[in-house]
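Just below is one structure, and these are the notes that go with it.
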Amino acid sequence: MLSRLRSRIRRYVLLEGSALVLVVLGCAFWISLGVDYWLEPAVGVRQALLLIVLAAVAAAFAWYLLLRLVRQFRTRALALVLERRFPELNDRLITAVELAESTRRPGGLTAAMFQRTAREAAELVQRLELREVFNVRPLARATGLAGLLVISVAAFGLAASDVFATWFHRSVLFTGELYRRETELHIFVLAEPGERRAEFENGIYKHPRGGDLTFVAEVPAEKKVPDKVKFSFRNVESRGGTSDFMTKIGQRQFRQKLAGLHQSIDLSVRGGDFSTRTPLRVEVVEPPQIERISLDSLYPEYTGLNRLDEHSHARRRQPVPVLGAQVSLPAGTDFLLEARSNKPLRRFRIQTDRIEIAAERGAAQASVSTAASAEKALSTRMLATPEPLLSDDGRTIAVPYVLAVTPEPELVSAAGVAHIPFRLQPDAVLRVTLFDEDGIESSEPIRLAINSIADKPPLVETRLKGIGNSITRQATIPVVGESADPQDASKVYGVTDDYGIADAHFEYKVETAKPEAPSTEAAKGDPKGDSAAKFQVVPFTNNPQGGKQFAVDEKFKVLPLDLGIGQRFTLKVVAVDADNLTGPHISSGTPHSFQVVSDDELLALVAVKELNIRRRFEQILDEVKNTRKDLLLFRSRLDEARNMRSDPKVEVRQQLAALDMATVTLVERSINGIRKNANETQSIEQEFGDIRDELENNAVPDVKPMLERIDEGIIIPLHSINTLDYNHIDDSLVLLRKVLEEAVQEIRADPFARFDESADLLNLTIERLEAVLAQMLKLETVNEALQMLRDIIKAQEELQEKTRLERKKKLIEGLQ
Numbered sequence: 012m013l014s015r016l017r018s019r020i021r022r023y024v025l026l027e028g029s030a031l032v033l034v035v036l037g038c039a040f041w042i043s044l045g046v047d048y049w050l051e052p053a054v055g056v057r058q059a060l061l062l063i064v065l066a067a068v069a070a071a072f073a074w075y076l077l078l079r080l081v082r083q084f085r086t087r088a089l090a091l092v093l094e095r096r097f098p099e100l101n102d103r104l105i106t107a108v109e110l111a112e113s114t115r116r117p118g119g120l121t122a123a124m125f126q127r128t129a130r131e132a133a134e135l136v137q138r139l140e141l142r143e144v145f146n147v148r149p150l151a152r153a154t155g156l157a158g159l160l161v162i163s164v165a166a167f168g169l170a171a172s173d174v175f176a177t178w179f180h181r182s183v184l185f186t187g188e189l190y191r192r193e194t195e196l197h198i199f200v201l202a203e204p205g206e207r208r209a210e211f212e213n214g215i216y217k218h219p220r221g222g223d224l225t226f227v228a229e230v231p232a233e234k235k236v237p238d239k240v241k242f243s244f245r246n247v248e249s250r251g252g253t254s255d256f257m258t259k260i261g262q263r264q265f266r267q268k269l270a271g272l273h274q275s276i277d278l279s280v281r282g283g284d285f286s287t288r289t290p291l292r293v294e295v296v297e298p299p300q301i302e303r304i305s306l307d308s309l310y311p312e313y314t315g316l317n318r319l320d321e322h323s324h325a326r327r328r329q330p331v332p333v334l335g336a337q338v339s340l341p342a343g344t345d346f347l348l349e350a351r352s353n354k355p356l357r358r359f360r361i362q363t364d365r366i367e368i369a370a371e372r373g374a375a376q377a378s379v380s381t382a383a384s385a386e387k388a389l390s391t392r393m394l395a396t397p398e399p400l401l402s403d404d405g406r407t408i409a410v411p412y413v414l415a416v417t418p419e420p421e422l423v424s425a426a427g428v429a430h431i432p433f434r435l436q437p438d439a440v441l442r443v444t445l446f447d448e449d450g451i452e453s454s455e456p457i458r459l460a461i462n463s464i465a466d467k468p469p470l471v472e473t474r475l476k477g478i479g480n481s482i483t484r485q486a487t488i489p490v491v492g493e494s495a496d497p498q499d500a501s502k503v504y505g506v507t508d509d510y511g512i513a514d515a516h517f518e519y520k521v522e523t524a525k526p527e528a529p530s531t532e533a534a535k536g537d538p539k540g541d542s543a544a545k546f547q548v549v550p551f552t553n554n555p556q557g558g559k560q561f562a563v564d565e566k567f568k569v570l571p572l573d574l575g576i577g578q579r580f581t582l583k584v585v586a587v588d589a590d591n592l593t594g595p596h597i598s599s600g601t602p603h604s605f606q607v608v609s610d611d612e613l614l615a616l617v618a619v620k621e622l623n624i625r626r627r628f629e630q631i632l633d634e635v636k637n638t639r640k641d642l643l644l645f646r647s648r649l650d651e652a653r654n655m656r657s658d659p660k661v662e663v664r665q666q667l668a669a670l671d672m673a674t675v676t677l678v679e680r681s682i683n684g685i686r687k688n689a690n691e692t693q694s695i696e697q698e699f700g701d702i703r704d705e706l707e708n709n710a711v712p713d714v715k716p717m718l719e720r721i722d723e724g725i726i727i728p729l730h731s732i733n734t735l736d737y738n739h740i741d742d743s744l745v746l747l748r749k750v751l752e753e754a755v756q757e758i759r760a761d762p763f764a765r766f767d768e769s770a771d772l773l774n775l776t777i778e779r780l781e782a783v784l785a786q787m788l789k790l791e792t793v794n795e796a797l798q799m800l801r802d803i804i805k806a807q808e809e810l811q812e813k814t815r816l817e818r819k820k821k822l823i824e825g826l827q
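See below:
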């Protein structure tokens, strides 16, 4: 009986253990299938999952079968099992087993009792049902669950053999085969600019920092379109993330935009029975940018801006840093555009309206597209370049250009080859697009405007000095500059140019016919306004020697022209620059028209000028006298009111206050009047100086005494009055005003001394002005005498002419 019990226990353990191992296998299958079907993990995950399943099955086999089967079942333990299950044995069975296993045999009555107990136990055991010893519920559950799992796996294998086969290939054979799904989503990115389609390479897409990320989930044509597609992402470098439903676009696309992405994210997408197997990584990287740009420039030779090598004396390129979006260079400049990027580039493209240049990293060739004009289409050619336009490290762009001087430069030779350096039209705008190693393109082209500075014609600003439009035939015409240096007002130039003056000279034209008014072009100083055949060139005494400024101080001799009385001629200053590309540019100053007169006519004209100046001078003298008169009048009034200042009456106080204010106002007006008179007297001094120079430059005979009278009697005294007397009067009046203001404020002050000082200075100045006026009148008397003499001579000549004609007439009548 105990042997049968032992066998049945082993059979029970075998059945239950096998069922439990099958349960573990079944559960492992469904778990593995679920994980692999929904998540489709990588091979490594599947291998790890299989190892876990094998470990679980091995553990179940060892725990539920092996360890239980190898366990020893002792006879006494089996007897105790039966005793506990069948109480009617009443310890007989265990007593019999212990007696049988005992090495000592009892004797006598004890032995008889043991024998009886053993027989009773044997009889009772024969009637026992061993199946009642076992609890069949655990076995039934285990076998039932195992059977259910086996049946479910078998049914699934029959019903979905393709899925089962795929699971077997993926989870056991570790192939890359995928499950067939009703829904499939292809995920890609619409990259800027232009919403270019960009794929995830090995599950990674590199995105420019700060740019908007637009990704699309597209359903292939043969697959089912899900109702909704949900995306979710989490930040890689920090906490945070979100999820939402994508927007359906059209019939088979779902789109989502994430604005201003600054951190890398892991992106997952789920729709229908599809889900991303592993999160798609959007790796945020820095976009390609230009850190610095410089133009290594070789300027046109005429500009004089190039530096020379110390040893070879050859022209050296000079770097021009670009600090903004615009730079200006002289027209014709040959420059090497050097740009440094923040990261290695794969290629770049530079575009203008008429030429497009694209080059790959380290390649000594470029794709050049040109157009005959901005409106025509581009034609593309491959062009070999002396050096790679993009360096081997991908960070330096070096493109040679030359800034053309014509609006439509020739870009391609007759043989169809683009010119190197590449020719840029004036004021071109370069649009630079970068393509880096991460597949990122510049979101917007980097714009650089290169303005062409055209060479300007020289600027001629000259004036006549000490000469009028009426001259004698032996005159000398002084011409000086009148353009003040903005940085140093003491420097005055006649000709200026932006780069250098090659030549400056006189040009004159003698009018043989009836004189006409200067043309509009000549009035503007345009050399093209006069015929080149008519104007004659007279060189300057000094040469500009290529300088940017030329201080003109030249004299034109009229005598070599051998002009007659009444003839007219035009004189102008002409300057030429050194531009050998678009020039040379020629410009002229204001043309001056002259008429040749006799010495007597010139003196008469000068006398008219003197008369006008004298009348103005007399007006100045009257104004100075009136100023003195007003000062003396108010001094007398203040003197009369001196005794009234102790009167406390309000009416008297008001009268005194009104008198004081009127006196201050008078002094203020006197100061302004004296300053005005000083300016006008300076002008008269200058005008008499011009008259003196005009007489001297016209070389009028016997004019030396007149020049001496002008110098000693008018100009020198006027200069002394302007530099000394007026300043002394001004200072005295200012002090008088201060004293009067203090008196108004009831500060003890005596203004009479200042009044007397100012009046004395005015008296002295008036005396000197009257002395100058006397010299003017004397000069006028001399001029009038000369004019009277000229009139007598003219009348005598007319009388002689009439006498000659009368004699001729009488002779003719006598012959008849």
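Just remember that this note's numbering sits 11 ahead of the position in the sequence shown, which is counted from 1.
Every residue gets a Cβ at the ideal spot worked out from N, C-alpha and C, and that includes glycine.
Just how far apart, CA to CA, sit residue i and residue j?
i, j, result
"threonine 617", "isoleucine 727", "Before going further, note that residue 617 is valine rather than threonine in the sequence given. Spanning the two alpha carbons is a distance of roughly 19 Å."
"glycine 283", "glycine 450", "32 Å"
"alanine 544", "tyrosine 519", "Any answer about alanine 544 is weak, because its pLDDT of 44 lies below 50 and its placement is not dependable; what the coordinates show is given next. Distance between the alpha carbons of alanine 544 and tyrosine 519 is about 11 Å."
"asparagine 683", "leucine 773", "14 Å"
"proline 526", "alanine 382", "In this prediction, proline 526 has a pLDDT of 43, which is less than 50 and means its spatial position is unreliable; what the coordinates show is noted afterwards. C-alpha separation (whole angstroms): 55 Å."
"valine 563", "arginine 327", "34 Å"
"alanine 7", "alanine 370", "Residue 7 is absent from the model: the chain starts at 12 and stops at 827."
"isoleucine 732", "glutamine 547", "46 Å"
"alanine 533", "threonine 473", "Residue placement at alanine 533 is flagged as unreliable, the pLDDT there being 41, under the threshold of 50; a coordinate-derived value is accordingly withheld."
"threonine 531", "leucine 784", "Its pLDDT being 42, under 50, threonine 531 is placed unreliably by the model, and nothing is read from it."
"proline 659", "threonine 776", "41 Å"
"glutamine 376", "valine 413", "19 Å"
"arginine 365", "serine 390", "10 Å"
"glutamine 4", "phenylalanine 175", "Outside the displayed range of the chain (12 to 827) lies residue 4, so it cannot be described from this structure."
"valine 506", "threonine 814", "58 Å"
"aspartate 588", "valine 503", "19 Å"
"serine 29", "glycine 261", "56 Å"
"leucine 810", "alanine 782", "42 Å"
According to DSSP, what are the bridge partners of residue i?
i, result
"methionine 393", "Ser378"
"glycine 838", "Because residue 838 is not part of the residues shown, which for the chain are 12 to 827, the question remains open."
"glutamine 786", "The partner list for glutamine 786 (beta bridge, DSSP) is empty, contrary to what the question assumes."
"lysine 545", "According to DSSP, lysine 545 bridges with nothing at all."
"valine 296", "Pro219"
"alanine 369", "Arg360, Ser378"
"glycine 252", "Arg245"
"proline 550", "His516"
"glutamate 452", "Phe446"
"proline 332", "Ser305"
"aspartate 508", "Paired residues: none, contrary to the question."
Can you tell which of the options has its C-alpha closest to the C-alpha of residue i?
i, options, result
"alanine 586", "Val563, His596, Ala460, Ala515", "Ala515"
"threonine 692", "Glu707, Glu302, Asn738", "Asn738"
"alanine 151", "Leu816, His180, Leu31, Ala785", "Leu31"
"glutamine 264", "Thr225, Gln578, Gly252", "Thr225"
"isoleucine 597", "Asp573, Val607, His603, Val584", "Val584"
"phenylalanine 561", "Val491, Asn353, Gly594, Ala166", "Val491"
"valine 711", "Ala409, Ala486, Val34", "Ala486"
"proline 330", "Ala209, Ala350, Asp508", "Ala350"
"threonine 593", "Asp238, Phe645, Thr314, Thr674", "Thr314"
"valine 607", "Val280, Arg484, Tyr75, Gly271", "Arg484"
| task | Would you mind listing the alpha helix (DSSP H) stretches within the region 610 to 666 that are 4+ residues and don't spill past its ends, in chain order? | result | 610 to 651
| field | Segment contact flag, the region 388 to 397 with the region 327 to 341, C-beta cutoff 8 Å, min 3 pairs | value | no
| task | May I have a chain-ordered list of the beta strand (DSSP E) segments no shorter than 3 residues that lie completely inside the region 197 to 242? | result | 197 to 202, 207 to 210, 215 to 219, 224 to 229
| field | Segment contact flag, the region 761 to 772 with the region 713 to 728, C-beta cutoff 8 Å, min 3 pairs | value | no
| said: Count Cβ pairs between the region 403 to 419 and the region 341 to 352 that sit closer than 8 Å; are there 3 or more? | reply: Touching, yes, given that three or more Cβ pairs across the two stretches are closer than 8 Å.
| field | Validate contact between the region 298 to 313 and the region 570 to 580 using beta carbons, cut 8 Å, 3 pairs | value | no
| message | Can you confirm whether the region 620 to 627 touches the region 686 to 703 when touching is taken to mean that 3 or more C-beta pairs between the two stretches lie within less than 8 Å? | response | Yes, the region 686 to 703 touches the region 620 to 627.
| For the 8 Å Cβ check, are there 3 or more pairs between the region 230 to 238 and the region 479 to 494? | no
| field | Cβ pair count under 8 Å reaching 3, the region 68 to 80 against the region 31 to 44 | value | Yes, the region 68 to 80 touches the region 31 to 44.
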